[in-house]
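Trainee:
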Amino acid sequence: MSGTARPITIVGTPVLHSPCRPVERFDDELAALVDDMFASMYAANGVGLAANQIGVDLRVFVYDCPDGDDVFQKGVIVNPTLVLPEGQERNLDPDDEGCLSIPGPRAVVGRPDLATCHGFDVTGAPVTVHGTGVLARCLQHETDHLDGMLYIDRLSKAARKQVLREFEERRAGAAT
43 MSGTARPITI VGTPVLHSPC RPVERFDDEL AALVDDMFAS MYAANGVGLA
93 ANQIGVDLRV FVYDCPDGDD VFQKGVIVNP TLVLPEGQER NLDPDDEGCL
143 SIPGPRAVVG RPDLATCHGF DVTGAPVTVH GTGVLARCLQ HETDHLDGML
193 YIDRLSKAAR KQVLREFEER RAGAAT
């Protein structure tokens, strides 16, 4: 595997809390970034990673996770546009969710059980990914990152405080 694992940015880092810029050049620099993103995701034992999670303000994410049939799907989506079902087609899946940028705690987040993501691959070719299961959750989670939103932003105030408290306690314990 090529690429170099980079440090994961942690909640509170400004690049995680504002929308990322669109990718305008599909070049060797973007390809190298994507290689580093995969290396960083694997080093952190993640299933998805957005560019701002390694401090890069660009609309690109990588993933390697199972779909609803437990078949692993791997890819990159540049400048994603997320499409979620509406009306009777929309079924919420309340499931446990965590984040490499908030290592440790997890919380239940209700997300649609289907998601479609349109965008481009690393060469600029159009791609469409239809996600079910963990892949649907991942497409939504990573697109949220690129919009400056973390999963804790979808929680109630009390649940968000609990996740952040647990995160800080773990971090303080690891520092001693």
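Just so we're aligned, residue 43 is where the sequence shown starts under my numbering, counting upward by one. Where a beta carbon is used, it is the ideal one built from N, C-alpha and C, also for glycine. Source: prediction; values computed, not measured.
Taking its Cβ as the centre, do 16 or more other Cβ atoms sit within 10 Å of V150, making it buried, or is it exposed?
Mentor: Locating residue 150 in the sequence shown gives position 108, where the first residue counts as 1. Flag for V150 reads exposed.
Trainee: Check A200 in the structure and name its three-state DSSP category.
Mentor: Indexing the sequence shown from 1 puts residue 200 at position 158. Three-state result, A200: helix.
Trainee: Run through the DSSP bridge pairs and tell me what I50 is partnered with.
Mentor: Within the sequence shown, numbered from 1, the residue matching residue 50 stands at position 8. Its beta-bridge partners do not exist; DSSP assigns none.
Trainee: Could you spell out the range, first to last residue, of the alpha helix (DSSP H) harbouring V176?
Mentor: Here residue 176 is taken as the residue at index 134 of the sequence shown, counted from 1. Where V176 is concerned, the enclosing alpha helix (DSSP H) stretches over G175 to L188.
Trainee: Tell whether a beta-carbon distance below 7 Å holds between V57 and M79.
Mentor: Looking up residue 57 in the sequence shown gives position 15. Looking up residue 79 in the sequence shown gives position 37. Cβ atoms of V57 and M79: not closer than 7 Å.
Trainee: Taking P168 and F209 to be in contact with their CB atoms under 8 Å, please state how far apart those CB atoms are, rounded to whole angstroms.
Mentor: Numbered from 1 along the sequence shown, position 126 holds the residue referred to as residue 168. Numbered from 1 along the sequence shown, position 167 holds the residue referred to as residue 209. Between F209 and P168 the Cβ distance is about 38 Å, and since that is not below 8 Å, they are no contact.
Trainee: Using three-state DSSP, classify E139 as helix, strand or coil.
Mentor: Residue numbering aside, residue 139 sits at position 97 when the sequence shown is read from its first letter. DSSP places E139 within a strand segment (E or B) once states are collapsed to three.
Trainee: Return the CA-CA distance between H187 and G166, expressed in angstroms with no decimal places.
Mentor: Here residue 187 refers to the residue found at position 145 of the sequence shown. Here residue 166 refers to the residue found at position 124 of the sequence shown. Spanning the two alpha carbons is a distance of roughly 21 Å.
Trainee: Could you please give me the residues that DSSP links to P168 through a beta bridge?
Mentor: The residue labelled residue 168 in the question sits at position 126 within the sequence shown. As DSSP reads the structure, P168 sits in a beta bridge with F162.
Trainee: What does the Cβ neighbour count give for E66, buried or exposed, with the cut at 16 atoms within 10 Å?
Mentor: Within the sequence shown, residue 66 is the residue found at index 24, counting from 1. Counting Cβ neighbours within 10 Å, E66 comes out exposed, since fewer than 16 surround it.
Trainee: Measure the C-alpha to C-alpha separation of G90 and V118 and round it to an integer number of angstroms.
Mentor: Along the sequence shown, read from residue 1 onward, the residue named residue 90 stands at position 48. Along the sequence shown, read from residue 1 onward, the residue named residue 118 stands at position 76. Between G90 and V118, the C-alpha separation is close to 9 Å.
Trainee: Could you say which of L181, R48, T55 and G45 lies nearest to P108 if we only look at CA atoms?
Mentor: Working through the sequence shown from its first residue, we reach residue 108 at position 66. Comparing C-alpha distances from P108 to each of L181, R48, T55 and G45 shows the shortest one belongs to L181.
Trainee: Tell me which same chain residues have a C-beta within less than 6 Å of the C-beta of T185, skipping the five on either side of it?
Mentor: Walking along the sequence shown from the start, residue 185 turns up at place 143. P122 and L124.
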